[in-house]
Structures are given as structure tokens and as C-alpha cells.
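Below is one structure; the comments refer to it alone.
In UniProt numbering, the protein residues as written are 1 to 120.
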């Protein structure tokens with residue numbers, strides 16, 4: 001399902017949370033023996049919408065009127081909201097054993113023997 005949120009995005013104030021710059025994520029991975037690249041499955045859809053905001057995501061199909069209960073793709077602030085969430089979740093590991101860009105993650109280990117610890 002693809003919904004055009006142009007009008008809703010115009011009405012929403014921009015979230016000023018900054019996304020990391022790619023070079024800030026890639027440079028720290030050099031010199032590591034093991035890297036794992038991961039993508040969060042349906043990442044945005046794992047964040048629940050506030051009940052008071054669900055009706056703002058409504059759309060009509062030939063089956064009826066629907067709205068999202070989870071954060072859909074296409075909302076102006078979705079990336080900033082998701083990045084803020086993963087930064088909070090992985091606060092202790094970011095910059096050490098994990099780098100995160102929205103729903104993409106890299107785990108890194110300098111030595112193979114420390115891999116299990118780095119994944120915890």
C-alpha cells in the first residue's frame with residue numbers, strides 16, 4: 001500500500017533530530033576483522049502511532065476506510081523518530097561494537113574471538 005502524505009507532511013513541523021553522516025558510520029568500521037550488516041525487518045512498522053494521530057494517516061480503498069496503527073513509510077519525521085529510537089536502544093554499543101543508520105546496522109569486531117561479546 002502506498003499512501004501520499006504530502007499534505008500531512010506540509011502540516012507537520014520538522015523534527016530537528018540529526019541523522020548521522022555516512023562517513024561517521026563507515027570510517028569506524030575500518031580495521032575490524034568481522035562485520036555484519038543487518039536491516040531491521042519492517043523497521044518503521046515496529047513503532048506504534050499515538051492513537052490520537054492514527055486518523056491522520058487514514059486512506060480509502062475499495063474495501064473501506066483505513067488508518068495506520070504503526071508508523072508508515074512516507075511521513076516526514078519517520079527517519080528522525082526511528083533514528084532517535086535506535087540510538088536510545090543501542091546507546092551503550094553505538095561507536096563501540098555497533099553503528100546504526102536508521103534501520104541499517106553494522107556490528108563490528110576487531111578480533112574474531114570477541115565476536116560473541118560484541119553481539120550482546
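For each residue, glycine too, the CB sits at the ideal point set by N, CA and C.
What you are looking at is a predicted structure, and each value in this text was computed from that prediction instead of being measured.
Could you give the first and the last residue of the continuous alpha helix (DSSP H) run that contains residue 85?
78-89
Beta-bridge pairing of residue 108 - partner residues as DSSP gives them:
35
Return the first residue and the last residue of the alpha helix (DSSP H) that residue 29 is part of.
Looking at the DSSP string, residue 29 is not in any alpha helix (DSSP H), and its letter there is neither H nor E.
Between residue 68 and residue 57, what straight-line distance do the alpha-carbon atoms span, to the nearest angstrom?
6 angstroms
Are there 16 or more other CB atoms within 10 angstroms of the CB of residue 24, so buried, or fewer, so exposed?
exposed
Cα-Cα separation, residue 74 to residue 6
8 angstroms
Pair within 8 angstroms by beta-carbon distance, residue 106 and residue 34
no
Near residue 29, what residues of its chain come up, given a Cβ to Cβ distance below 8 angstroms and the 5 sequence neighbours on each side ignored?
35, 99, 106 and 108
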